[in-house]
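So for the sequence shown, our numbering puts the first residue at 9; every next one is plus one. Okay, structure first, notes after.
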Amino acid sequence: MKLDNYRKKRHFGATAEPEGATKLPKAKGKQLIFVVQKHSASHLHYDFRLEWRGVLLSWAVPKGPSLDPSVKRLAIPTEDHPLEYANFEGIIPQGEYGAGTVMVWDRGVWIPDDPDVDATLKKGELKFMLEGKKLKGAWVMIRARGGWSRSSDKPYWMLIKHRDAFASEEDITKTEPLSAISGRTLEQVAKG
Ligand code: MN
């Protein structure tokens, strides 16, 4: 099961995060969702997640997405998450994996340029459109190897905005800090 790593890290009696369906739904013919969750854990970061084959492929983006095509944002692969996670906004209790506050910072639909997503993931160059509340237009994720940490040979990725009408020098993590589903600040989410 693709969600084994996800479940191994969590105690579902202690955290309100979803455990995930045991049978993965078929995604055929329906739109693919994406979500960006602002996660105030030991370090603030943004979790970038793309629906594929019934789970959310996930990367941690320490600085969050940038609308500036000249800026490459480091994206570190993390475990696949259940689809239901796209609705999770709340608190992960102290002592649990990822303890801290999670906000749904943006959510919408993603459209891969090449419908053979497995092939483009393997190739390490994934081009797609985002139709979110905040993130729109053409984006690319490119895989690199090594580099960001000498102690790790795990591949990392770069999240980059393509040049189009939605490219901008605006720092969207600063200008659009609120939840895309509740309009709350991170502090308000943290207070429950
Ligand atoms: Mn996270």
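Ideal placement from N, C-alpha and C gives every residue a C-beta, glycine not left out.
- Only residues of its own chain outside the window of five on either side were considered, and among them G72 have a CB closer than 7 Å to the CB of T181, listed in chain order.
- It is roughly 30 Å from the alpha-carbon of I150 to the alpha-carbon of E27.
- Contact annotation: the region 87-105 does not touch the region 122-131, with fewer than three C-beta pairs closer than 8 Å.
- Looking at the backbone, the Cα of A68 and that of F174 are separated by about 23 Å.
- Residue pairing from DSSP places T86 in a beta bridge opposite S66.
- Setting aside the 5 residues that flank it on each side, G200 is surrounded in the same chain by G98 and I99, each with a C-beta closer than 8 Å to its C-beta; the list follows chain order.
- In this structure the region 73-81 does not touch the region 100-108; the number of beta carbon pairs closer than 8 Å is below three.
- One residue list follows from the rule of a beta carbon closer than 6 Å to any heavy atom of ligand 1, given in chain order as H47, A49, H53, D55, A68 and G106.
- Secondary structure of D114 (DSSP, three-state): strand.
- Rounded to whole angstroms, the gap between the alpha carbons of K80 and L167 is 6 Å.
- Cβ neighbours of D172 within its own chain (closer than 7 Å, five residues either side excluded): G145 and A146.
- In the structure shown, Y164 falls within a strand segment according to DSSP collapsed to helix, strand and coil.
- Comparing C-alpha distances from A24 to each of N13, I189, W118 and E92 shows the shortest one belongs to E92.
- Separation of S187 and R57 (C-alpha to C-alpha, rounded to the nearest whole angstrom) is 16 Å.
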